[in-house]
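Everything on this sheet refers to the single structure shown next.
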Amino acid sequence: AHQYLLEHYQEFDFIWCSPPCPTHSIINFTLNSIGVVRYPDMTLYQEIILLQKFFKGKYCIENVKPYYEPLIKPQASGRHYFWANFQIPPLVNRIKHQDMNGTNGGGNKQKAKQLLGFDLSKYDCPKKEKLLRNCVDPLIGKAILDKVLEIESHNQIKQGVLF
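Be aware that the sequence shown starts at 35, since it is given in my numbering, and climbs by one per residue.
Listed below in structure tokens is the structure:
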């Protein structure tokens, strides 16, 4: 996806990126304390800089809140940070990590899966909860997309008046 973005970003009017995030999360900090040392994956910042400097459309890059002070100031919504060239609506995440992990009881885990809108039970893939944990709350994603559509609609109306 990272290479594809580099080669094709100019073909789009809106881009949503979510580069790998485990090395930015608090887990990386915790792993370091038990001797697992690894660099943060700087793909995140490569994509932010590429889109900030060269992309003409709207973009949103999503990632976890890192264990360090972000190098480029993000916007926060739910449990994620967003780097975007428009205002991200501040929303509350309805899905809690502990619910996805099942540490608050099976009922909460099932509720969290329903809130995400995905049923992976018919698929044979490892770490299904991890896949779901990495999802942005669909209502936050929809609010972001609606904001982009609102901006584009407003821009088209302004252009219509000019011509």
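Beta carbons: idealized from backbone N, C-alpha and C, even for Gly.
Treat the numbers as computed from the prediction; the structure is a model and nothing was measured.
Query	Result
Range of the contiguous alpha helix (DSSP H) that encloses phenylalanine 63	60-67
Neighbour flag for proline 56 against chain D, beta carbons, 8 Å	Note that chain D does not occur in the displayed structure, where there is just one protein chain.
Lysine 92, buried or exposed, once every other Cβ within 10 Å from all chains shown has been counted against 16	buried
Candidates Glu41, Val70, Leu150, of which the one nearest phenylalanine 89 by Cα	Glu41
For glutamate 8, three-class secondary structure by DSSP	Only positions 35 to 197 of the chain appear in this structure, which leaves residue 8 out of reach.
Counterpart residues of isoleucine 49 in DSSP-defined beta bridges	Tyr93
Whether leucine 154 touches leucine 165 by CB criterion (8 Å)	yes
Which listed residue (Leu39, Ile49, Asp158, Tyr102) has its alpha carbon closest to that of alanine 118	Ile49
Burial state of valine 71 (16 or more Cβ within 10 Å)	exposed
Assigned secondary structure, serine 111 (DSSP; H/G/I helix, E/B strand, else coil)	strand
Neighbourhood of phenylalanine 46 by C-beta, 7 Å cutoff - its chain only, sequence neighbours within 5 removed	Gly91
Valine 70 - partner residues in DSSP beta bridges	Beta-bridge pairing links valine 70 to no other residue.
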